[in-house]
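See structure below.
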Amino acid sequence: MEDELIAQRRAKLAQWKEAFPQALPFRYNATHPLVEILARFGDQSAEALAASPPQVRVAGRLVALRKMGKLAFGHLQESTARLQILFERQRLEGVFAHLSLLDIGDWLGVEGPLFRTRTGELTVLVEGLVPLQKCLRPLPEKWHGLQDVEARYRQRHLDLMMNSDSLPRFLARARMVRALRAFMADRGFEEVETPMLHPIAGGAAARPFVTHHNALDCDLYLRIAPELYLKRLVVGGMPRVFEINRNFRNEGIDTTHNPEFTMMEFYQAYASAEDLMALTESMLHAVVVAVRGTETVPYQGREISFRPPFARMDLREAARTALAERGVPEDAPASPAARAEWTPRLGMSPAKSDTPEKFLVEAFETLVQPTLLNPTFVHGHPVEVSPLSRRRPDRPDTADRFELFVAGMEIANGFSELNDPDDQRGRFKEQVEAKAHGDEEAMPYDEDYCQALEYGLPPTAGEGLGVDRLVMLLTDTPSIRDVVLFPLLRPQSP
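Numbered by this note's numbering, the letters in the sequence shown go through residues 15 to 508 in order.
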């Protein structure tokens, strides 16, 4: 049936050049985007428009067309704006008879004066028509949109056309990224670009994607984080830098993880984790207000407030409290036998709970993190799980680090940067040993980075902010796939 409809549309296209001599132009000089038409003239009365009718030349996709004798009403759509157009037989001699060659989905350019119909709808009275491009495939049924979830991801162009919530979501994402850039620029941060292909997969605890460079005959890794390169820039004399770009991690896919994701990472010299927590509060509040117009946003039936100051929580204390509430003995983390007993009972990962400190971190992530609704800074991470973080002077086993959680999701991770090259070498060696014992996410040893530290990294704090997850929060979207234009999918069977 679809092949027949496509054939019918192709037959209509074959008649366009004769029916519409100006059809299929190389360009079309529209005087106004549709959204501007609605913004400029949407509030003008019928009388004001009639007194001085604005002449406009606009373009868009034809999303509705109905003939009523000597009249035909249609709607053009461009981005989120929709504008009515009116064809009158007496004004379009020779053209009106060929309107049957138009189909829903075609791109049209029209020109004429603006007026209001009897029902009060702003409308272009068409005096000139230029078909711009034929839509050869019929669009999904109007009232149901594109309902198949996987089809929405595989055919995002149709999703943007047919589902009223999709395009505004991605436009909100664009506004959010602009707001992030403006905030950072206003505070003296320079935007930079660092490599996507790394000789060593460093900067985070994650499994990398591996590729091979033929000319150099060496393996390379899609970056899991830009951290080590950005800190080299601070060493080189750029005290405030940031980057918004893709990271790649060869791990599972779920509602909050996509193997290819967007992060904003930034570094500030002469600052500590405490400074970045204050900066993050101001940043998120400003961005939320810029995108949503309010500091409180709805998310999955609950209200989230981004009004500073954000709550704070010690990771170890919160984990111990949650364990005690479930009857776990206080000394259980220190006992391999107790850890082996309680880990499966609590739904925790044995692989991530094989030391006392990792047991507490896994207990926090399993038992406490899902309960954190409003923005909460979690601090007090063990150095064991923070190989790039500076130690706290008052607690040498604790990193000067924080994570920010909102609605149970990690949104940001920041810390005072380890700038002692000898300490960093020791941490890398611990990571190498962990990898040898089966930890596939442990970091490799990076001597080049350690040598960069020997040139002197001033006291510095850095942070990574998950852009996709922040978009989820600001658009009330439960799945990361709905805020990534083209999420990774399993290839379709032939």
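In this text, a Cβ means the ideal position worked out from N, Cα and C, and glycines have one as well.
Query, Result
"Residue 206 versus residue 398: straight-line alpha-carbon distance, rounded", "30 Å"
"The region 497–506 touching the region 170–184, judged by at least three CB pairs closer than 8 Å", "yes"
"Residue 396, buried or exposed, once every other Cβ within 10 Å from all chains shown has been counted against 16", "buried"
"Helix, strand or coil at residue 378 according to DSSP, with G and I counted as helix", "helix"
"With 16 other Cβ atoms within 10 Å as the buried cut-off, status of residue 126", "buried"
"Euclidean distance between Cα positions of residue 20 and residue 115", "13 Å"
"For residue 478: DSSP bridge partner residues", "279, 427"
"Near the ligand MN: residue 173 beta-carbon under 6 Å from a heavy atom", "Only the bare structure without any ligand can be found here, which leaves the ligand MN out of the picture."
"Those residues which DSSP pairs with residue 319 across a bridge", "310"
"Outcome for residue 472 when other beta-carbon atoms lying within 10 angstroms are tallied against a minimum of 16", "exposed"
"Span of the alpha helix (DSSP H) around residue 3", "No information on residue 3 is available, as it lies outside the stretch 15 to 508 that the chain covers here."
"Assigned secondary structure, residue 504 (DSSP; H/G/I helix, E/B strand, else coil)", "coil"
"Residue 485 versus residue 278 - alpha carbon distance", "13 Å"
"Rounded distance between the beta-carbons of residue 194 and residue 258, thought under 8 Å", "7 Å"
"Residues near residue 411 by beta carbon distance below 7 Å, same chain, minus five either side", "396, 397"
"Residue 2, DSSP secondary structure in three states", "The chain is shown only over 15 to 508; residue 2 falls outside these bounds and no answer can be derived."
"Coil, strand or helix - residue 457 by DSSP", "coil"
"Cα-Cα separation, residue 144 to residue 306", "38 Å"
"Identity of the residue in 250, 32, 73, 31 nearest residue 49 by Cα", "73"
"CA-to-CA distance, residue 17 to residue 108, given in whole angstroms", "30 Å"
"Alpha-carbon spacing of residue 503 relative to residue 346, whole angstroms", "41 Å"
"Within 7 Å, strictly: CB atoms of residue 248 and residue 284", "no"
"The region 436–444 contacting the region 416–426, beta-carbon criterion three pairs below 8 Å", "no"
"Separation of residue 406 from residue 166, as counted between CA atoms", "48 Å"
"Nearest-angstrom beta carbon gap, residue 342 and residue 356 [assumed within contact, 8 Å]", "5 Å"
"Unbroken beta strand (DSSP E) run spanning residue 77, endpoints", "69–82"
"Inter-residue spacing [alpha-carbon to alpha-carbon] between residue 417 and residue 489", "22 Å"
"Reduced DSSP category for residue 284 - H, G, I as helix; E, B as strand; rest coil", "coil"
"Residue(s) in a DSSP beta bridge with residue 92", "95"
"Contact between the region 382–391 and the region 312–321 (3+ Cβ pairs under 8 Å)", "yes"
"Buried or exposed by the 16-neighbour rule on C-beta atoms within 10 Å, applied to residue 23", "buried"
"C-alpha gap between residue 140 and residue 88, whole angstroms", "10 Å"
"Identified DSSP bridge partners for residue 258", "278"
"Simplified DSSP state of residue 123, which is helix, strand or coil", "strand"
"Three-state secondary structure assigned by DSSP to residue 102", "strand"
"Which listed residue (487, 446, 432, 478) has its alpha carbon closest to that of residue 470", "432"
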